[in-house]
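One structure is given below, encoded as structure tokens.
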Amino acid sequence: MPVAQRTQSEAQRRQQILAAARSVFDEKGYESATISDIVGKAGVAQGTFYLYFDSKKGLVVELARQPMADMAVRLQSILDGTESFTEVLRKFVHLGFRVGEENPDLCRLMHMSSESAGAVDDVELHSELNQMATGMFQRFMDSGEMVTMNPAVAADMFRIIMSGSMQLAFATDPRPAPVDEIEKATEKVVLGAFVARPT
């Protein structure tokens, strides 16, 4: 088999395993899903799985990578604009909820267990997103639009608020309120926490 064909075949097999994992995790939950379930759904041998991934956690890292990459591009586009801090925060919150609506199964997966939630920290883009948020908070603190606090702490707080909101909106059954209501409440919390009040 030519190298290009083999590479394409390997990429397809990898995607096949990822698609099967995403489906099995959503159906059974992270803890209950087994590698056997995943390879059975993918129609590959168990040995084939380990050619591409080392564990269930490795699958979660890979499943989170693309949505996080898309989010990084979209966040950067917001930051490249000239809007006020208030408007930037509103857009950040709105984007988080749109990504959640586009990937509700992944949102549920990220909140199923401490291991699946912790896997996101292993995605290289996680630190890039954190640095992006830290830089944003520093920029708006310097402009006087943000309350004074450690920008790295602010970035972590923002991430925790958004993570909790995503859990309420997409990973809690029954959901306590409609998604748009949770989004509006999140926006109020975020603006109240970070935007400087006029003196």
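For reference, each letter of the sequence shown is one residue, going 4 to 202 in our numbering. Positions of the beta carbon are idealized from the N, C-alpha and C atoms, including for glycine. Just so it is clear, the structure is predicted and the values come from calculations on it, not from any experiment.
If only uninterrupted alpha helix (DSSP H) runs of at least 4 residues are considered, those enclosed by the region 37–87 are 38–45, 49–55 and 59–82. DSSP places methionine 115 in the coil class of the three-state scheme, outside both helix and strand. Judged by beta-carbon spacing, valine 27 lies within the 7 Å limit of lysine 44, meaning their Cβ atoms are closer than that value. If you draw a straight line from the Cα of serine 12 to the Cα of glycine 103, it is about 31 Å long. Between methionine 144 and leucine 82, the gap from beta carbon to beta carbon reaches 7 Å or more. Setting aside the 5 residues that flank it on each side, leucine 21 is surrounded in the same chain by Leu62, Glu65 and Leu66, each with a C-beta closer than 8 Å to its C-beta; the list follows chain order. Glutamate 190: member of the alpha helix (DSSP H) spanning 182–197, first to last residue.
Around leucine 92, the same chain offers Glu190, Val193, Leu194, Phe197 and Val198 as residues with beta carbons nearer than 8 Å, after the five sequence neighbours per side are excluded.
As a beta-bridge residue in DSSP terms, methionine 149 pairs with Val198. Residue environment for tyrosine 53: exposed (fewer than 16 other C-beta atoms within 10 angstroms of its C-beta).
Nearest in C-alpha terms to leucine 171, of all of Ala136, Pro70 and Phe100, is Phe100. Bounds of the alpha helix (DSSP H) holding arginine 162 are 154–173. The C-beta distance from leucine 98 to proline 70 rounds to 11 Å, too long to fall under 8 Å, and the pair is not in contact.
The closest CA to that of isoleucine 185, considering only Arg142, Val150, Arg200 and Gly167, is found on Gly167.
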